[in-house]
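Peer 1:
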Amino acid sequence: MKFASSYEPNQYESDIYAAWEAAGVFKPTIPTIPVDDNGDGVDDRFEAGAFETVLRRREQEERSAAHDDGPAQARRESTASNLCYSIVMPPPNANGNLHIGHGLTVALEDSLTRYYRLKGASTWYIPGADHAGFETWVVYEKNLEKSGHTRFEYSRDELYSRVWDFVQMQRGNMELQLRALGASCSWDDLTFTLDENVIDRVYTTFEKMWNDGMIYRGEKLVNYCPKHQTAFADIEVDHKDEKGTLWELAYDDIIVSTTRPETLFGDTAVAVNPEDERYKDMIGKTVHLPLTDREIPVIADEHADPEYGTGAVKITPAHDFDDFEVGNRHNLERIQVISEDGHMINVPEKYLGLTTEECRKQVLKDLKDQGILKGEKKIVHSVAHCYKCDTVLEPMLKEQWFVDVEKLAKMAIEHLENDEIKFYPDNKKRVVINYLKNLKDWNISRQIPWGIAIPMFKKVTEEATDEPDWIFDRRTNLTEIEKSGTRYVRDEDTFDTWFSSSHWPIVCTDWSEENPTPYYPLNVMETAGDILFAWVARMIMMGVYVTGEVPFKEVYLHGLVLDEHGQKMSKSKGNVINPMDLVEKYGSDAFRLGILRGRSAGMNQAFSENSVIAGRNLCNKLWNISRLVQSIVDEEFENSATRGLPEATAEDEGASPVTLAPWDANCRRQTGASDPSRESTISNSLYTTDNMGEDWICREINECTKQIEQDMKDYRFAEAVETLYQTIWDKYADWFLESQKIYRNAALLKATLEHLLIILHPFAPFVTETIWQNLSWTEGFIITQKWPSRLNYDPITAEQFESILTIVSEVRGTLQALPGTNNANKYALMYDNDSLVEDNLLLIKALTKVPDINALDGKPRGLRLALANHELYLDVPEQVVAEYKDALTEKILSVGRELDALNARMMNPNYVEKAPEHLVKETKDQIKEKEALIDRLKTQQELI
RNA sequence: GGGCUUUUAGCUCAGUUGGCUAGAGCGCAGCAUUCACAUUGCUGAGGUCACAGGUUCAAGCCCUGUAAAGCCCACCA
Numbered sequence: 002m003k004f005a006s007s008y009e010p011n012q013y014e015s016d017i018y019a020a021w022e023a024a025g026v027f028k029p030t031i032p033t034i035p036v037d038d039n040g041d042g043v044d045d046r047f048e049a050g051a052f053e054t055v056l057r058r059r060e061q062e063e064r065s066a067a068h069d070d071g072p073a074q075a076r077r078e079s080t081a082s083n084l085c086y087s088i089v090m091p092p093p094n095a096n097g098n099l100h101i102g103h104g105l106t107v108a109l110e111d112s113l114t115r116y117y118r119l120k121g122a123s124t125w126y127i128p129g130a131d132h133a134g135f136e137t138w139v140v141y142e143k144n145l146e147k148s149g150h151t152r153f154e155y156s157r158d159e160l161y162s163r164v165w166d167f168v169q170m171q172r173g174n175m176e177l178q179l180r181a182l183g184a185s186c187s188w189d190d191l192t193f194t195l196d197e198n199v200i201d202r203v204y205t206t207f208e209k210m211w212n213d214g215m216i217y218r219g220e221k222l223v224n225y226c227p228k229h230q231t232a233f234a235d236i237e238v239d240h241k242d243e244k245g246t247l248w249e250l251a252y253d254d255i256i257v258s259t260t261r262p263e264t265l266f267g268d269t270a271v272a273v274n275p276e277d278e279r280y281k282d283m284i285g286k287t288v289h290l291p292l293t294d295r296e297i298p299v300i301a302d303e304h305a306d307p308e309y310g311t312g313a314v315k316i317t318p319a320h321d322f323d324d325f326e327v328g329n330r331h332n333l334e335r336i337q338v339i340s341e342d343g344h345m346i347n348v349p350e351k352y353l354g355l356t357t358e359e360c361r362k363q364v365l366k367d368l369k370d371q372g373i374l375k376g377e378k379k380i381v382h383s384v385a386h387c388y389k390c391d392t393v394l395e396p397m398l399k400e401q402w403f404v405d406v407e408k409l410a411k412m413a414i415e416h417l418e419n420d421e422i423k424f425y426p427d428n429k430k431r432v433v434i435n436y437l438k439n440l441k442d443w444n445i446s447r448q449i450p451w452g453i454a455i456p457m458f459k460k461v462t463e464e465a466t467d468e469p470d471w472i473f474d475r476r477t478n479l480t481e482i483e484k485s486g487t488r489y490v491r492d493e494d495t496f497d498t499w500f501s502s503s504h505w506p507i508v509c510t511d512w513s514e515e516n517p518t519p520y521y522p523l524n525v526m527e528t529a530g531d532i533l534f535a536w537v538a539r540m541i542m543m544g545v546y547v548t549g550e551v552p553f554k555e556v557y558l559h560g561l562v563l564d565e566h567g568q569k570m571s572k573s574k575g576n577v578i579n580p581m582d583l584v585e586k587y588g589s590d591a592f593r594l595g596i597l598r599g600r601s602a603g604m605n606q607a608f609s610e611n612s613v614i615a616g617r618n619l620c621n622k623l624w625n626i627s628r629l630v631q632s633i634v635d636e637e638f639e640n641s642a643t644r645g646l647p648e649a650t651a652e653d654e655g656a657s658p659v660t661l662a663p664w665d666a667n668c669r670r671q672t673g674a675s676d677p678s679r680e681s682t683i684s685n686s687l688y689t690t691d692n693m694g695e696d697w698i699c700r701e702i703n704e705c706t707k708q709i710e711q712d713m714k715d716y717r718f719a720e721a722v723e724t725l726y727q728t729i730w731d732k733y734a735d736w737f738l739e740s741q742k743i744y745r746n747a748a749l750l751k752a753t754l755e756h757l758l759i760i761l762h763p764f765a766p767f768v769t770e771t772i773w774q775n776l777s778w779t780e781g782f783i784i785t786q787k788w789p790s791r792l793n794y795d796p797i798t799a800e801q802f803e804s805i806l807t808i809v810s811e812v813r814g815t816l817q818a819l820p821g822t823n824n825a826n827k828y829a830l831m832y833d834n835d836s837l838v839e840d841n842l843l844l845i846k847a848l849t850k851v852p853d854i855n856a857l858d859g860k861p862r863g864l865r866l867a868l869a870n871h872e873l874y875l876d877v878p879e880q881v882v883a884e885y886k887d888a889l890t891e892k893i894l895s896v897g898r899e900l901d902a903l904n905a906r907m908m909n910p911n912y913v914e915k916a917p918e919h920l921v922k923e924t925k926d927q928i929k930e931k932e933a934l935i936d937r938l939k940t941q942q943e944l945i
């Protein structure tokens with residue numbers, strides 16, 4: 002016996018993965034770089050006919066799902082991109098560990114990759130690693146502080162190289178974990194977000210934008226974390242509702258409302274609504290700013306809401322986003338009173354150097370003493386927090402680089418409205434368009450060293466020349482450069498990580514204008530729904546801007562993986578599930594099957610260990626199915642000389658160049674091959690279907706395969722897994738294999754098992770490959786097999802088998818319901834004039850476990866089964882039948898209720914008139930059947 | 001304020017263009033045991049499909065409204 006009695010994933014998974022990797026099966030089969038082997042000056046990948054066999058298969062598929070073809074579609078027709086399937090991995094943190102979300106991502110992406118690989122595409126699943134700018138920086142800075150140092154002791158370049166070393170030391174776990182999850186990605190093509198080609202591409206884009214006038218330097222308010230001393234993009238800000246106080250302060254005759262009294266030193270106006278009668282007379286006058294000797298003007302601006310607070314608002318353009326806008330409209334001075342490390346500056350001596358919090362207390366005290374504080378109210382308002390350290394963010398006036406997004410957004414919207422990207426779930430497309438329509442200019446400067454340096458240099462001002470103040474230059478390894486005799490120093494800031502990430506599909510596929518690749522646009526972008534704006538929207542803008550084409554044809558967004566009670570996982574709640582623990586405990590396949598179960602696009606959904614256990618059970622079931630099938634096939638083929646099994650012709654074989662030696666009894670790989678004569682017989686056998694169950698299982702497997710094809714097209718992973726689960730377990734094992742214990746059909750067993758293994762492989766790669774190798778019927782890896790074509794069967798016999806299923810189920814149910822236990826082998830079954838039963842005596846006997854099945858001799862006796870079309874009796878003594886009487890009455894009643902409902906439907910003239918004909922006919926048939934059934938049950942009842 | 005999503009069995013979810021006598025897994029109850037598999041097999045219980053109206057021969061599905069839960073964007077002096 003080659004197979005152990007249960008499947009132990011840990012014994013096989015890493016070996017299997019290593020074998021795949023060594024054989025190079027993860028690499029795309031169509032080259033990713035241009036080739037011109039025939040020397041005709043044309044990129045061979047784009048020549049039609051180069052991959053005829055694949056193309057033919059593709060065409061068939063395309064034809065069945067033909068849809069309108071835009072110009073881009075037409076251009077790609079008959080080119081290599083038609084045969085390619087590309088997908089990039091959202092890069093996990095290079096020096097981190099994978100969390101449950103990565104587990105889901107890999108399960109989804111790798112299932113797609115493996116499916117399309119089996120379908121014959123040249124698949125390219127491109128792995129990535131993220132330098133995780135801010136995250137990594139925070140961790141590094143914490144370490145630095147622990148060792149008693151601060152970032153200010155080092156230059157930017159020193160810090161960069163220190164973090165680089167730090168990351169290198171920590172690296173590697175993530176890649177190992179991706180392997181453990183079975184990700185069939187092309188490791189040679191792993192892209193790190195700080196790779197040279199990434200930086201290069203980012204600089205090229207930046208230069209293009211600079212030349213196009215889309216980059217500007219501006220002093221604007223940005224959200225600034227005083228602790229981390231860096232600015233954030235709007236999208237990185239965590240808004241939280243908090244309780245606060247609204248204070249009312251008397252600025253002479255006007256009472257203003259504020260939540261931030263300490264910023265009053267930065268006030269340069271008081272605004273009232275132009276329509277507000279209360280303050281009309283004040284407009285244009287000045288008021289005294291408390292605690293200072295300044296006078297500030299009263300201005301009219303729509304921003305002041307007469308309904309809110311006192312209707313008058315102090316304006317601090319340097320420390321509030323709305324006030325900044327008001328300041329711009331009225332040309333107000335911006336006075337910065339809070340420094341970048343959160344202390345008071347440009348304020349009277351008394352307050353100088355206080356933290357904002359200390360200052361607020363002092364200011365309130367002084368205002369109260371002077372009678373200026375007129376009132377306070379508790380309110381709830383939303384406050385911006387640092388998403389990393391939870392510090393309250395300070396709106397800070399800073400010179401930063403901005404991208405004018407108007408053109409970018411407009412182009413992206415055009416392509417989106419042109420339906421060039423299909424979204425799953427589809428409502429997200431509208432959400433993205435809406436976001437892009439309201440997008441504000443994008444602050445791309447970050448004040449952290451760990452990232453891509455902004456390639457801008459500032460003129461050293463002492464030297465007065467006509468040269469521009471800022472110039473673009475790629476030499477960011479230098480802090481200072483000279484150009485046209487003028488000295489320039491490098492801007493110390495780095496790019497917002499999303500600026501470079503937005504190039505991901507371009508850099509991963511190595512697209513360039515000179516060498517467009519058939520792998521761009523990607524077939525699908527699969528990622529988490531919560532980075533729809535930060536990443537997906539930006540990739541679309543950047544893709545269109547750089548390449549003129551959308552970066553991907555479809556977007557699949559997954560939701561959050563919640564805990565088993567639908568709660569968000571968090572360290573503080575202690576409900577975090579580590580995917581690697583589950584892989585360790587139940588195997589990679591079990592994890593993948595478990596996490597895909599019950600999951601649909603865009604939804605935050607619960608996940609529990611139970612679903613992984615269900616997955617593990619399926620793997621074990623499949624393992625044992627294979628064990629049984631192999632034992633039958635082995636036995637049958639040993640006698641095959643006398644049986645004369647037919648042989649397949651050459652074109653039915655799926656030859657593959659890679660071979661693995663089979664495992665021995667201890668599931669370790671042997672060096673030698675197994676008996677070649679036996680192997681060739683098995684691998685060449687063709688099947689015929691000899692009985693109804695065989696036709697039936699072929700039909701069911703075909704249905705299942707078709708279903709999976711549709712599900713994969715629609716990204717319905719959970720449904721695909723569900724279908725497989727039921728086909729393998731309920732149909733193949735519980736019915737077909739049970740019947741094969743009676744009628745053995747080795748060639749069919751082989752064909753069907755291989756078929757099932759292949760269609761399960763995208764979801765459970767390890768167990769299917771392990772079994773494939775153990776069976777060693779067909780050469781090569783399962784991962785590179787062909788997606789199976791339909792099995793041949795006779796539909797009429799397949800349908801007839803359903804009757805057997807009904808009979809067997811009814812016998813089992815009735816036996817259970819009869820008084821007493823263990824009834825199965827007590828009572829014989831009798832049939833009257835029923836050829837279906839007569840022809841399948843052995844099978845029915847085996848499935849029902851009744852001791853005997855006989856033709857009825859003489860008058861009917863015993864218990865008649867509740868079957869409309871079959872005359873079957875259980876040979877039960879009258880006394881037992883009498884005890885069963887209540888159950889029988891209940892059955893008659895329940896069938897009667899069903900019959901009433903059907904009759905009511907037919908009594909409705911509108912139904913008969915308007916419903917489709919086939920439904921009316923169906924109802925009529927059902928009525929006939931129910932009537933017959935009731936009739937039989939009633940005779941039975943009278944017999945008692 | 002604007003937008004999105006969800007509500008179906010004890011739990012987690014399916015239910016695709018209306019044809020439903022509403023399904024699955026887990027859980028629960030009963031029965032089985034030298035069988036490929038106890039990570040098993042068989043049988044069963046369990047649902048006014050959130051609520052109220054409407055359209056239709058027919059509504060879990062379509063329309064209108066209500067309620068509850070969750071999310072996103074904007075505002076919040």
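Each residue of the first sequence is one higher than the last, beginning at 2 in the numbering used here.
The beta-carbon is built from N, C-alpha and C at its ideal position, and this holds for glycine as well.
1) Pull up the distance between the alpha-carbon of residue 492 and that of residue 454, whole angstroms please.
2) Is DSSP giving residue 722 helix, strand or coil here?
3) What are the partner residues of residue 874, as DSSP defines its beta bridges?
4) Excluding sequence positions up to five away, which residues of its chain have a Cβ less than 8 Å from the Cβ of residue 356?
5) Start and end of the alpha helix (DSSP H) containing residue 951?
6) DSSP on residue 232, reduced to helix/strand/coil?
7) Classify residue 169 as helix, strand or coil using the three-state DSSP reduction.
8) From the DSSP output, in three-state form, read off residue 851 for me.
9) Ends of the beta strand (DSSP E) at residue 471?
10) On a Cα-Cα basis, can you pick out the residue from 360, 216, 925 that is closest to residue 471?
11) To which residues of the same chain is residue 870 closer than 6 Å at the C-beta, ignoring the five residues directly before and after it?
12) What are the partner residues of residue 490, as DSSP defines its beta bridges?
13) In whole angstroms, give me the CA-to-CA distance for residue 70 and residue 36.
14) Judging by CA-CA distance, which residue of 735, 102, 596 is the nearest neighbour of residue 623?
15) Which whole runs of the beta strand (DSSP E) in the region 384-453 are 3 residues long or more, in chain order?
16) Going by DSSP, name the residue or residues bridged to residue 525.
17) Would you decide whether residue 274 is buried or exposed? Buried here means 16 or more other CB atoms lie within 10 Å of its CB.
18) Could you spell out the range, first to last residue, of the beta strand (DSSP E) harbouring residue 243?
19) I need the DSSP call for residue 568, collapsed to helix, strand or coil.
20) Three Cβ pairs or more, each shorter than 8 Å: is that satisfied between the region 124-135 and the region 19-36?
21) Helix, strand or coil: how does DSSP classify residue 226 here?
22) Ordered along the chain, which non-local residues of its own chain (more than five positions away) have a Cβ less than 6 Å from that of residue 135?
23) Can you give the Cα-Cα distance for residue 132 and residue 435, rounded to whole angstroms?
24) Helix, strand or coil, according to DSSP, for residue 745 in the structure here?
25) Starting from the C-beta of residue 842, find all residues in its chain whose C-beta is less than 6 Å away, skip the five residues before and the five after it, and write them out in chain order.
26) In three-state terms, what does DSSP make of residue 43?
27) By DSSP, does residue 313 sit in helix, in strand, or in coil?
28) Please classify residue 165 as buried or exposed, where buried requires at least 16 other C-beta atoms within 10 Å of its C-beta.
29) Out of curiosity, what's the CA-to-CA distance linking residue 460 and residue 484?
30) In angstroms with no decimal places, state the Cα-to-Cα distance between residue 938 and residue 858.
Peer 2: According to the data block:
1) 8 Å
2) helix
3) 831, 865
4) 343, 344, 345
5) Outside the modelled stretch of the chain, which goes from 2 to 945, sits residue 951, for which no answer is possible.
6) strand
7) helix
8) coil
9) 471-473
10) 216
11) none
12) 459, 481
13) Low per-residue confidence applies at residue 70: pLDDT is 42, beneath 50, and the placement is therefore not dependable enough to give any value.
14) 735
15) 395-404, 423-425
16) 88, 555
17) buried
18) 238-252
19) coil
20) yes
21) strand
22) none
23) 30 Å
24) coil
25) 854
26) coil
27) strand
28) exposed
29) 10 Å
30) 21 Å
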